[in-house]
Each structure stands twice: as structure tokens, then as C-alpha cells.
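Residue numbering for the sequence shown follows the working numbering, beginning at 25 and increasing consecutively.
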Amino acid sequence: MKIIAANNSANYNFTISNKINAGIVLTGPEVKSLRINTGSIRGAYIIEQNGELWLSNSFIKKYQNSTDHSYNPSRNRKLLVTKKEFNKISGSIKQGGFTIVPISLYFTDNGFAKLTCGIAKGKKQVDKRESIKQRDWNIKKQRLLKNN
């Protein structure tokens with residue numbers, strides 16, 4: 025598994041309850057561009073339209089040897105999930121307070137591009153401070169254990 029892009033702020037801004045791996049529909053030049061690590065999912069989000077999931081606002085730079093002159097680097101890209109996973113996701117969104125957040129974009133060992141997304145609930149400022157304190161304490165604890 026080779027990670028192409030990661031959304032590091034997802035764990036800071038959201039409490040992730042479930043993670044789902046979804047396929048992503050890409051064109052040939054987009055796959056070639058991702059193979060040289062020119063993609064980003066920072067600020068990306070997932071929307072549901074007409075019974076399908078779409079990745080919006082993700083950036084994949086145009087492949088330099090591509091001949092496509094009308095390429096849009098931040099177009100919507102379709103996500104491939106099973107019917108059972110889609111029903112689970114749409115049910116949690118309609119339940120209220122939950123959203124779908126892209127976490128990481130990666131290539132599998134077979135060469136397929138996949139997106140890990142999480143069903144998440146937004147954190148409040150107090151929760152964010154608490155997670156920072158917890159992270160700092162874990163770092164200090166590891167240093168103390170290492171030195172002793």
C-alpha cells in the first residue's frame with residue numbers, strides 16, 4: 025500500500041467513528057499523475073448526489089505528457105462503494121450531525137487507487153484542545169519511558 029495523499033487535519037477536526045475504503049473513478053492521465061505524487065485531498069469533501077458518492081474539491085495536477093487541453097484538476101470524482109456501505113453511509117448522514125471525510129488516498133498492491141473515508145462528527149474547540157493535550161502527554165510519556 026502506497027499512500028499518495030493524506031488529510032492530516034481530519035483527525036484533528038473530526039471524531040471518526042467508522043472507516044470505509046472506496047474505489048475512485050479516474051482517467052488514465054490522472055492515475056499517471058498520482059503515481060508521481062501530485063495529488064492532494066486537503067480541503068476535500070464527499071457529497072451524495074442521485075444515490076452516488078462524489079469526491080469534491082480534491083486536486084490532481086495535470087499530467088505533463090497528457091494531451092487533454094480541457095483538463096479540470098479539481099473536478100468531482102465518483103466513489104465506488106457497495107450498496108450495503110452506501111446505505112450505512114447515507115443512513116448516518118441523514119441521522120444528523122455526521123459527515124463523510126476523506127482521510128487518505130492510496131494505491132493498493134494490485135495498482136488500484138482507493139480512498140479511505142470516515143464517517144465523522146465535528147469536534148468543538150474544547151475537544152480539539154483536549155486532543156492536543158492528550159497527544160502531548162503521550163509524547164512526553166514515551167520520552168520518559170525511553171529515558172528510564
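Glycine is no exception: its CB is placed at the ideal position from the N, C-alpha and C atoms.
Separation of residue j from residue i, as counted between CA atoms
i: residue 154; j: residue 77; result: 32 Å
i: residue 148; j: residue 93; result: 43 Å
i: residue 58; j: residue 172; result: 44 Å
i: residue 161; j: residue 115; result: 36 Å
i: residue 87; j: residue 133; result: 22 Å
i: residue 164; j: residue 170; result: 10 Å
i: residue 54; j: residue 159; result: 36 Å
i: residue 56; j: residue 156; result: 37 Å
i: residue 25; j: residue 131; result: 6 Å
i: residue 166; j: residue 36; result: 21 Å
i: residue 129; j: residue 50; result: 12 Å
i: residue 42; j: residue 90; result: 37 Å
Proximity of residue i and residue j at Cβ, strictly below 9 Å
i: residue 100; j: residue 79; result: yes
i: residue 65; j: residue 38; result: no
i: residue 257; j: residue 61; result: This structure cannot speak to residue 257, because the chain is shown only from 25 to 172.
i: residue 142; j: residue 48; result: no
i: residue 46; j: residue 138; result: yes
i: residue 69; j: residue 81; result: yes
i: residue 117; j: residue 105; result: no
i: residue 85; j: residue 122; result: no
Environment of residue i [buried if 16+ CB atoms lie within 10 Å]
i: residue 175; result: The first residue shown for the chain is 25 and the last is 172, placing residue 175 beyond what the model contains.
i: residue 108; result: exposed
i: residue 120; result: exposed
i: residue 136; result: exposed
i: residue 127; result: buried
i: residue 140; result: buried
i: residue 168; result: exposed
i: residue 63; result: buried
Which residues DSSP lists as bridging residue i, in chain order
i: residue 47; result: 104 and 138
i: residue 73; result: 76
i: residue 30; result: 128
i: residue 64; result: 83
i: residue 123; result: 144
i: residue 40; result: 144
Short CB-CB distance (under 9 Å) between residue i and chain E
i: residue 140; result: In the structure shown, chain E does not exist; there is a single protein chain.
Identify every run of the beta strand (DSSP E) within the stretch 131 to 168, keeping only runs that are complete inside it and at least 3 residues long; order them along the chain. 137 to 146
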